[in-house]
Ligand SMILES: Cc1cc2nc3c(=O)[nH]c(=O)nc-3n(C[C@H](O)[C@H](O)[C@H](O)COP(=O)(O)OP(=O)(O)OC[C@H]3O[C@@H](n4cnc5c(N)ncnc54)[C@H](O)[C@@H]3O)c2cc1C
Ligand SMILES: Nc1ncnc2c1ncn2[C@@H]1O[C@H](COP(=O)(O)O)[C@@H](O)[C@H]1O
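Residue numbers (my numbering), protein chains in the order written: chain A, 394 to 766; chain B, 35 to 311.
Written out as structure tokens, the structure reads:
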């Protein structure tokens, strides 16, 4: 065994400092909030290394989006504009990103995308193409040193001063793992929507806007998008409600929502919400959906009736003030993050809750309707 | 397409986190002791593959990479009606990240044949990345439909519906194609009596079983070991840390009559503070 202290190889070539690149996301001209969040997180990483923050945005007729990206923290915005990029499609978008990265004299140090249905579709293809590391669904990002000691590959032993720390929950959220990919730039990560904090928009911020070429090939058109349907919310003020009463599959049918509406009516500034499953079943319109592909809400009180608490639902509501969950299954995942759990049939529990709240309002008090022991 | 579709479904065996067995105090998993199961997301992929076969004709092969006990989930797939199965098992695969896994699976797929359709689960409950499917598609040079909730096939074209933020997309793709199936797809049907019986009979005869479950290693599928395992993985887990459950401890109310359960919660959370006056 050689003494590694003496003969330590030079590992500085592995992940030298470089740009931080955010791959932005818009759907039909609607700039996605996760992109602004990534610019906030990316700005911190770039400043830590003393490097510029860049952003690549793809689409067609993007209007003021590039300028807005600058106002939210980008130093330079690269714009790929083509009718073929109007809606997201894996292969054309992949082609533009790969060509763009290939055209650079040095790869960015870090490349970030959102953990959205688009980001999680695109990022793995880019990482596989460049054979570089990608960490999914991060909740924290940082830059820091890493000392590699494993002797499996002696050429890699050494101190890496500027690694991307990609931190994410693992094993069903009970552990946090710090994942590194220091062997190669770009080091890639996707981050969960709603987690990173965007900077305040600064209309005076200056930056450069650079168009980039789009050269698609025949094989990029093997898949076509026939229709993109976005059910933009109108009328339901979920994001502004103080109290949300939400229902899931455990309600047993659309009638369950009548009861939830009656419960919601007992509260000031309240709204009714739902899980995706019951929206898909047509029990209630999409505008009421909370979660990864619905709305992110943060009410003071969230009552979840017959909702299992799947991760895609949780990410949309876990920051609520008080979470009361009603579920007949005591092992339901929702009880892992709710504050109060009631084990029982949700329709019975909700009816009882309405009864008691009405009693409170009429001044009778809960005692009047609940027999003493 | 008279000869029918060649359909692959990729499945992984994962630790059963519902069971307390093999969960270390620090939150990590002792894979030798943990209970094992078919990745729950792969049940939707399996159902999609079986639907494709039932509605459009063809053959389904299940493919998995993992240690020898993963044979259990391949038996389960056979019970549900897949035609044959392949297990890539090799010590040199230990510590593979998604890129290394996708590479090894790519080589295995090429060894098995030329698929028209490859189905993957949306994600695994242990890796939890949703990356292996698209990375495999990249290696194979295929188009992909991720987050696919439903699909139908007309001629050589697959019509699919995929989830996006705030809605959905309808897409049409040529085959060959890779699809990752969302958990809003139809749940896996119960195994048929015939399927279960067939597998029971097979399992009694090792020689006979080998005709249906093929175990392969890196040399056989021609995968460069340098590109798999720890060496072929661009990412490493540098540190793990136990975190408390989000939102802290849930105060459980159960076992009493409903009026009392509700009364306790109404009082403890002071629900009256949120009420209309
Ligand atoms: C890409 C993607 C995006 C997604 N986006 C979202 C999203 O934005 N929002 C979202 O919500 N989901 C989303 N999902 C779906 C998510 O994974 C879950 O499938 C969904 O949240 C489950 O809805 P649920 O809890 O109503 O139903 P289930 O998971 O079926 O849960 C029903 C619950 O009700 C309980 N129950 C049954 N009967 C009763 C009774 N009588 N009384 C009390 N309890 C009862 C059961 O114990 C169970 O816990 C997404 C999935 C994917 C793949
Ligand atoms: N070891 C494996 N063997 C077979 N398929 C796998 C394996 N790992 C991942 N997959 C497939 O890729 C999907 C996504 O996995 P992951 O990227 O780990 O979340 C899974 O649902 C499987 O279909």
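All residues carry an ideal CB built from backbone N, CA and C; glycine is no exception.
Just so we're clear, the structure is a prediction, and the values are computed from it rather than from any experiment.
How is the beta strand (DSSP E) around residue 663 of chain A delimited, first residue to last?
663-667
Listed in chain order, which residues are found with a beta carbon closer than 7 Å to a heavy atom of ligand 2?
The set of residues with a C-beta under 7 Å from any non-hydrogen atom of ligand 2 comprises B:44, B:45, B:46, B:73, B:75, B:76, B:79, B:97, B:98, B:99, B:100, B:132, B:135, B:139, B:154, B:155, B:156, B:157, B:158, B:161, B:162, B:163, B:164, B:165, B:166, B:167 and B:214, given in chain order.
Identify whether residue 720 of chain A lies in helix, strand or coil by the three-state DSSP scheme.
strand
Do residue 153 of chain B and residue 250 of chain B have their CB atoms nearer than 7 Å?
Contact: no.
Compare the C-beta of residue 614 of chain A with all C-beta atoms of chain C and state if any pair is closer than 7 Å.
This model lacks chain C altogether; the protein chains it does include are A and B.
Start and end of the alpha helix (DSSP H) containing residue 653 of chain A?
649-657 is the span of the alpha helix (DSSP H), which, as asked, contains residue 653 of chain A.
Please list the segments of the beta strand (DSSP E) lying wholly inside the segment 234-310 of chain B, counting only runs of 3 or more residues, in order along the chain.
247-250, 270-276 and 285-287
Taking the Cβ atom as the reference point for each residue, do residue 67 of chain B and residue 158 of chain B lie within a distance shorter than 7 Å?
For residue 67 of chain B and residue 158 of chain B, no; Cβs fall outside 7 Å.
Any contact between the segment 283-295 of chain B and the segment 738-752 of chain A? By contact I mean 3 or more CB pairs, one from each, below 8 Å.
yes
Can residue 185 of chain B be considered in contact with ligand 1, in the sense that its beta carbon sits closer than 6 Å to one or more heavy atoms?
no
Give the single residue among A:716, A:715, A:736 and A:579 whose Cα lies nearest to the Cα of residue 723 of chain A.
A:736
Quick check on this structure: which residue in A:701, A:532, A:653 and A:610 has the alpha carbon closest to the alpha carbon of residue 487 of chain A?
A:610
Suppose you measure from the CA of residue 248 of chain B to the CA of residue 206 of chain B; what does that come to, to the nearest Å?
34 Å
Three-state secondary structure (DSSP) at residue 493 of chain A?
helix
For residue 624 of chain A versus residue 553 of chain A, is the C-beta spacing smaller than 7 Å?
no
Answer with yes or no whether the minimum CB distance from residue 286 of chain B to chain A is below 7 Å.
yes
Mapping DSSP to helix, strand and coil, what is residue 428 of chain A?
Residue state, collapsed to three classes: helix.
Helix, strand or coil: how does DSSP classify residue 35 of chain B here?
Any reading at residue 35 of chain B is ruled out, since the residue's pLDDT is 44, under 50, leaving its predicted position unreliable.
According to DSSP, what are the bridge partners of residue 736 of chain A?
A:720, per the DSSP bridge assignment.
Name, please, each residue of chain B whose Cβ falls closer than 8 Å to the Cβ of residue 407 of chain A.
Per Cβ cutoff of 8 Å: no residues; residue 407 of chain A is ~11 Å from chain B at best.
Using a Cβ cut-off of 8 Å, pull out every chain B residue sitting near residue 425 of chain A, in sequence order please.
199
Which partner residues does residue 635 of chain A have in the DSSP bridge list?
DSSP lists no partner for residue 635 of chain A.
Would you be able to state if there are at least three C-beta pairs under 8 Å between the segment 424-436 of chain A and the segment 460-474 of chain A?
Touching, yes.
Any C-beta of chain B sitting closer than 7 Å to the C-beta of residue 617 of chain A?
yes
Spatial neighbours of residue 85 of chain B within its chain, please: C-beta separation below 8 Å, excluding the five flanking residues on both sides.
Contacts found: 220.
At 8 Å on the CB atoms, spell out the chain A contacts of residue 22 of chain B, in chain order.
Residue 22 of chain B cannot be examined here, being either before or after the span of chain B that is shown, 35 to 311.
So which residues on chain B does residue 451 of chain A lean against when the C-beta distance must stay under 8 Å?
Going along chain B, no residue has its Cβ under 8 Å from residue 451 of chain A, so there is no contact; the nearest lies around 15 Å.
Excluding sequence positions up to five away, which residues of its chain have a Cβ less than 7 Å from the Cβ of residue 630 of chain A?
664
Would you please state the rounded distance, in angstroms, between the beta carbons of residue 266 of chain B and residue 686 of chain A? I believe it to be under 8 Å.
Not really, about 34 Å apart at Cβ, beyond 8 Å.
Of all the CB atoms in chain A, is at least one closer than 7 Å to the CB of residue 308 of chain B?
yes
Let me confirm a value: residue 548 of chain A is counted as buried when at least 16 other C-beta atoms fall within 10 Å, else exposed. Which label applies?
So residue 548 of chain A ends up on the exposed side.
Compare the C-beta of residue 461 of chain A against all C-beta atoms of chain B and say whether one is closer than 7 Å.
no
Going by the C-beta, is residue 316 of chain B closer than 6 Å to any heavy atom of ligand 1?
With chain B running from 35 to 311 in the structure shown, residue 316 of chain B is simply not present.
Checking contacts by CB at 7 Å: is residue 292 of chain B closer than that to chain A?
yes
Any heavy atom of ligand 1 closer than 6 Å to the CB of residue 219 of chain B?
no
Looking at residue 688 of chain A and residue 632 of chain A, is the spacing between their C-beta atoms short of 7 Å?
yes
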